[in-house]
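Reading through the structure tokens given below for one structure.
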Amino acid sequence: MTRLTILEYPDPRLRTVAQPVQVVDDEVRRLVDDMLETMYASRGIGLAATQVNVHRRILVADVSEDHSQPYAFINPQVVQREQVGATQEGCLSVPGIFDDVERAQRVRVRALGRDGKPFELDAEGLLAVCIQHEIDHLDGKLFVDYLSELKRQRIRKKLEKDRKLRAEARTPERPRAPAI
Ligand code: GNR
Ligand code: NI
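Okay, so the sequence shown: first residue is -12 according to this note's numbering, each after it adds one.
See below:
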């Protein structure tokens, strides 16, 4: 298994619309497994292929405390939604930012599983919200798109600053030799 690199906002590759999967083969299954490993290592509850720069309609989720309920959804579609409410969301591609987004609190999702077989799932609460957040990624959308332009601008600036600080921490400035 391999840990994959997660793209961060405002990377334009996060705006790519993912293509449907034609065949669930070993390559797709390997990607699902790598995405689960990457999601668990990053302490996320969901991950969309878009976030690891693979533009195919694949997402994984596990909202359990102990990593005991992994789900893979391939070519997912929400076929029913109910009961709109606000939930505080975060995103591995927008690190350290949390804000409220309104979404359906119950959804019925139709998808192919890791085995390539179609299934339907009735999800509620955090899992329902997570699945909608991940399907948005597959359509090139991010949760910050639901916030005001002012908030998005502040978020872009904060992430830019955080990235600069992280880069500096990796490459400390060397003292220069004094000029004569
Ligand atoms: O780890 C995550 N937590 C989360 C919390 C509330 C709503 C959605 C999410 S998904 C997020 C992981 C992620 O970025 N998935 O794309
Ligand atoms: Ni996300």
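Where is the CB? At the ideal position from N, CA and C, for every residue including glycine.
Since the model is a prediction, treat every value here as computed from it, not as a measurement.
Chain-order list of residues whose beta-carbon lies under 7 Å from that of V4 (same chain, five-residue window excluded): Only D126 and G127 meet the Cβ criterion.
Candidates L137, P162 and L79: closest to A35 by CA position: Of the listed residues, the one whose Cα sits closest to A35 is L79.
Those residues, in chain order, that have a beta-carbon closer than 6 Å to some heavy atom of the ligand NI: This selection yields C78, L79, S80, H120 and H124.
8 Å Cβ cutoff, V116 in contact with chain C: Looking for chain C here will not work: only one protein chain is present.
The segment 49 to 63 touching the segment 93 to 100, judged by at least three CB pairs closer than 8 Å: Contact holds: three or more Cβ-Cβ distances are below 8 Å.
Simplified DSSP state of R90, which is helix, strand or coil: If DSSP states are grouped into helix, strand and coil, R90 belongs with the strands.
Beta strand (DSSP E) segments (min. 3 residues) lying fully within the segment 46 to 123: You should have 58 to 76, 86 to 99 and 105 to 111.
For P82 and L146, the rounded distance between their alpha carbons: A straight-line Cα-Cα distance of about 8 Å links L146 and P82.
E166, buried or exposed, once every other Cβ within 10 Å from all chains shown has been counted against 16: The residue asked about is misnamed: residue 166 is Ala in this sequence, not Glu. Its Cβ having fewer than 16 others within 10 Å, A166 is exposed.
Contact set for G31: own chain, Cβ-Cβ below 6 Å, skip 5 residues either direction: So the qualifying residues of the chain are L79.
Assumed close pair L(-9), D21 - CB separation to whole angstroms, cut-off 8 Å: Taking a contact as a CB-CB distance under 8 Å, the pair L(-9) and D21 counts as one, their CB atoms being some 6 Å apart.
Contact under 8 Å by Cβ, Q75 with V94: The answer is no: Cβ separation not under 8 Å.
Contact test: E76 Cβ vs the ligand GNR heavy atom, cutoff 7 Å: The nearest non-hydrogen atom of the ligand GNR is less than 7 Å from the C-beta of E76.
Counterpart residues of G33 in DSSP-defined beta bridges: G33 is bridged to A48.
Neighbourhood of L108 by C-beta, 6 Å cutoff - its chain only, sequence neighbours within 5 removed: Cβ neighbours of L108 within its own chain (closer than 6 Å, five residues either side excluded): V96.
L(-9) CB to nearest heavy atom of the ligand GNR below 7 Å: Outside the cutoff, so no.
Same chain only: Cβ atoms within 6 Å of Q70, ignoring 5 sequence neighbours per side: Closer than 6 Å at Cβ, skipping near neighbours: Q92 and R93.
Given A48 as reference, the closest of H42, Q56 and V65 once Cα atoms are compared: Distance check between A48 and each of H42, Q56 and V65 places Q56 closest, using alpha-carbon atoms only.
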